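**Q** Provided herewith is a single structure, encoded as structure tokens, for subsequent inquiry.
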Amino acid sequence: MAVRLEMHVAGRIEDYALIGDMQTAALVCRDGTVDWLCLPRFDSPAIFAGLLGTEEHGFWRLGPAHSDEEEPPTAVRRRYRGDSLVLESEWETTRGSVRVTDFMPPRDGAPQLVRIVEGLSGRVEMRSALRMRFSYGRVVPWVHRVGERLVAVAGPDSVWFDSTAETHGEDLTTYSDFTVSPGERVAFTISWEPSHHSPPAVPEPEVALANTEEFWRDWVAQCTYHGPYREAVVRSLITLKALTYAPTGGIVAAPTTSLPEEIGGVRNWDYRFTWLRDAAITLSSLLRTGYRDEARAWREWLLRAVAGDPENLQIMYGIAGERELGESELDWLPGYENSRPVRVGNGAADQLQLDVYGEVTEALHLAHMTGLARNDYASLLQLKLIRYLETHWQEPDEGIWEVRGPRRHFVHSKVMAWVAVDRTIRLIEAGDADGPLEQWRELRDDIHRDVCEKGYDPERNTFTQSYGSQELDASLLLIPQVGFLPPDDKRVIGTIEAIQRELSTPDGFVLRYPTSAGEDPSLDGLAGEEGAFLACSFWLADDLAMIGRVDEARKLFEKLLGLRNDLGLLAEEWDPIRQRQVGNFPQAFSHVPLIDTALRLTASGAYGG
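Positions 271 to 879 (the numbering used here) are the ones given, in order, by the sequence shown.
Right under this line is the structure:
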């Protein structure tokens, strides 16, 4: 059979599976191609950047061989092995069937990606095509043999390739052609090491597989949720754990950059950092499902990142607490389905977003209420944050959605400033901190009054996106969830109904806010449109349950579950026109509210079956 050189096109976002080791992650397509992998950390340059470019920018395909006239075959079945992050993909060919098992062992040493081929029936001809391109596809490494091993070197990086299969080089790519019969197993491993270090140890793939399965089995056993949505909740928890950078406790929003919010558009951002907001709500979900170790690690990360400078609190940091996250564009990459520019770094780090003070304070409050051991500096930090808000809460900001237009008095930002003060008052009232109690009770009342007077439209009976605005914003759905107003308040019900009317798609999913069409980016400073925001859609389900419309809430929630890919993963948004996932993937900010809504519906008994 004539075997062609690999020509690979990135799949749809939902075609990808996530594997990872709590320090970085890879995306594996249905045809067995790893199209995205950054080494050694989430935010390191990619060695496989085919996801944002072409086959020239790096990939690793492992699957049945195919002729010049055929497209690479896709797996007919794939799944995670039990409650783990070990991926199994199976192909059926005219000559037999085969399985590929992909995983990244949780590590103390060199990061590894392990791929094990197993024959199931017949005799299947297989091909591995490994094309490493360092620095996001820009640098071709020097590949050479060191004994029985191959190593690719470029600058500070080296990647070691180990396999029992024979290899050959062609077209600056490392190939391996082999055949597997039932019961035969052939393993491939790549390991990263600084180029000036000694070679990493020769891997033991089968031992690593057993250890990886045991790790995930033990971790999932800690989950305290046993309700009707357990499968979806556990898969989301595993995903959140995979997005946690184990050495520091920092949590990335997503393991990718520049997957577009609009196919072909410019809304492409780097999410491989720790947003205080995203990490705080992730912490909340982990705490509510039994995971205190992760919560403790994140709190320690927060205290190190903020250090002695809470007055200059950033909305986001690097995964080790780095402050400098300068944004740049990689002009040699054409982007996912020609969605340009491809960005690394994130300029939003310099924005003022007052709501993060509320999210961080809420997370610290929840950690305290769920019995996490007291940390005096955490309490001190909380008090310092409120002292900052005392003199800054009346300022306009860029808000939760990080608009790149003019600052405004966003209602959600003011509400979360109220949350920060309210939770700190509770801390003082419980005797766990000292502060000017009466002074801050007055502050809490002032913020509440200000929002209700300036952020509410009595004629339409709805809160608005910002003071004096006519626009709506899905973040207003959080007003009853954070306790700013009770769910049965007519203003809350009016806001929920207004958002359903004005921000919902025909499928019932929710847009963040009205984006401007065409060339006038007046609302958020950007041209183009975006999809329905999945987190906001889960928030709507929560609110519907809170106001007694539980059957409607359950139906919306289960419709949202139906948007997950076959492995239970969600991106940031859903394109209602193209009927596909868009945005960075998988997205913590989608999986966290999935967990929260499942918990709420379970508590209310609002589920089918």
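Backbone N, C-alpha and C define an ideal beta-carbon position, used for all residues, glycine too. Since this is a predicted model, take the numbers as computed values, not measurements.
1. Which residue from 600, 579, 682 and 592 puts its Cα closest to that of residue 650?
2. Helix, strand or coil for residue 841, going by three-state DSSP, please let me know.
3. State the beta-bridge partners of residue 710 as determined by DSSP.
4. Using DSSP with H/G/I as helix, E/B as strand and the rest coil, what is residue 683?
5. Counting along the chain, where does the beta strand (DSSP E) carrying residue 382 start and finish?
6. Specify the secondary structure class of residue 561 as computed by DSSP and reduced to three states.
7. Sort out for me which residues DSSP pairs residue 460 with in a bridge.
8. With a 10 Å radius around its C-beta and 16 neighbouring C-beta atoms as the bar for buried, classify residue 639 as buried or exposed.
9. Would you call the CB atoms of residue 809 and residue 846 closer than 9 Å?
10. Taking only the alpha-carbon atoms, compute the straight-line gap between residue 612 and residue 303 and give it to the nearest angstrom.
11. Among the candidates 813, 751, 358 and 756, whose CA atom is the shortest distance from the CA of residue 768?
12. What does a CB cutoff of less than 7 Å around residue 485 pick up in its chain, not counting 5 residues either side in sequence?
13. Kindly identify the DSSP beta-bridge partner or partners of residue 445.
14. Just the C-alpha distance for residue 469 and residue 421, rounded to the nearest angstrom, thanks.
15. Between residue 704 and residue 654, what straight-line distance do the alpha-carbon atoms span, to the nearest angstrom?
16. Can the beta-carbon of residue 353 be found closer than 9 Å to that of residue 536?
17. Once you ignore the five residues that flank residue 861 on each side, which residues in its own chain have a CB closer than 7 Å to its CB?
18. Does the segment 380-391 come close enough to the segment 407-414 that 3 or more CB-CB pairs lie under 8 Å?
19. CB-CB under 7 Å to residue 558, same chain, minus the five flanking residues each way: which ones, in chain order?
20. Roughly how many whole angstroms lie between the Cα atoms of residue 440 and residue 408?
21. Could you check whether the Cβ of residue 493 sits closer than 8 Å to any heavy atom belonging to the ligand ZN?
22. Can you grab the Cα-Cα spacing for the pair residue 659 / residue 710, in whole Å?
23. Return the first residue and the last residue of the alpha helix (DSSP H) that residue 233 is part of.
24. Quick check on residue 292: does DSSP put it in helix, strand or coil?
25. Restricting to Cα atoms, I'd like to know which of 748, 403 and 728 is closest to residue 739.
26. Flag this pair as yes or no: are the beta carbons of residue 449 and residue 432 separated by less than 9 Å?
27. Given that a residue counts as buried once 16 or more other Cβ atoms are within 10 Å of its Cβ, and exposed if not, what is residue 873?
28. Are there 16 or more other CB atoms within 10 angstroms of the CB of residue 865, so buried, or fewer, so exposed?
29. For residue 679, count neighbouring Cβ atoms within 10 angstroms of its own Cβ and tell me buried if that reaches 16, exposed if not.
30. Measuring only the C-alpha atoms, how far is residue 574 from residue 689?
31. Around the C-beta of residue 851, are 16 or more other C-beta atoms found within 10 angstroms, so that it is buried, or is it exposed?
32. DSSP state of residue 374, grouped into three classes?
33. Tell me which residue opens and which closes the alpha helix (DSSP H) that residue 884 is part of.
34. Assign residue 684 to buried or exposed, taking buried as 16 or more other Cβ atoms, counted over all protein chains shown, within 10 Å of its Cβ.
35. Is it true that the segment 581-589 meets the segment 610-629, where meeting means three or more beta-carbon pairs spaced less than 8 Å apart?
36. Which runs of the alpha helix (DSSP H) spanning at least 4 residues fall entirely within the segment 809-874, listed in chain order?
**A** So, from the data block:
1. Nearest of 600, 579, 682 and 592 to residue 650, Cα basis: 579.
2. For residue 841, the secondary structure class from DSSP, reduced to helix, strand or coil, is coil.
3. Note: residue 710 sits in no beta bridge, so no partner.
4. The answer is helix: DSSP assigns residue 683 an H, G or I state.
5. Per DSSP, residue 382 belongs to the beta strand (DSSP E) from 382-392.
6. Judged by DSSP in its simplified three-state form, residue 561 adopts coil rather than helix or strand.
7. Residue pairing for residue 460: DSSP places it in a beta bridge opposite 383 and 431.
8. With fewer than 16 other Cβ atoms within 10 Å, it is exposed.
9. In terms of Cβ geometry, residue 809 and residue 846 do not form a close pair [threshold 9 Å].
10. When rounded, the distance between both Cα atoms is 21 Å.
11. Of 813, 751, 358 and 756, the residue nearest in Cα terms is 813.
12. Once the five neighbours on either side are set aside, the close Cβ partners of residue 485 are 376.
13. DSSP, once it has assigned bridges, lists 399 and 438 as partnering residue 445.
14. Whole-angstrom Cα-Cα distance: 9 Å.
15. Distance between the alpha carbons of residue 704 and residue 654: 12 Å.
16. No, Cβ-Cβ distance for residue 353 and residue 536 is not below 9 Å.
17. Answer for residue 861: 506, 509, 510 and 840, listed in chain order.
18. No, the segment 407-414 is not in contact with the segment 380-391.
19. Taken in chain order, the residues that qualify are 869.
20. Put simply, the backbone Cα of residue 440 is about 19 Å away from that of residue 408.
21. Inclusion of the ligand ZN in the displayed structure is not the case, the ligand content being empty and no account of it being possible.
22. Near 11 Å, if we compare the C-alpha coordinates of residue 710 and residue 659.
23. Nothing about residue 233 can be reported from this structure: the residues present for the chain run from 271 to 879 only.
24. DSSP places residue 292 outside both helix and strand once states are collapsed to three, so it counts as coil.
25. The shortest Cα separation from residue 739 among 748, 403 and 728 belongs to 728.
26. Going by C-beta atoms, residue 449 is not nearer than 9 Å to residue 432.
27. With fewer than 16 neighbouring CB atoms inside 10 Å of its own CB, residue 873 falls in the exposed class.
28. Per the 10 Å Cβ criterion, buried.
29. Buried, since its Cβ has 16 or more Cβ neighbours within 10 Å.
30. In a straight line, the C-alpha of residue 574 is about 23 Å away from that of residue 689.
31. Under the 10 Å beta carbon count, residue 851 is surrounded by 16 or more other beta carbons and is classified as buried.
32. The answer is coil: DSSP assigns residue 374 none of H, G, I, E or B.
33. A question about residue 884 goes unanswered here, because the residues of the chain that appear run from 271 up to 879.
34. Taking every protein chain shown into account, the CB of residue 684 has 16 or more other CB atoms within 10 angstroms, so this residue is buried.
35. Segments in contact, yes.
36. For the segment 809-874, the continuous alpha helix (DSSP H) assignments of 4+ residues that do not extend past its boundaries occur at 820-831 and 858-874, in sequence order.
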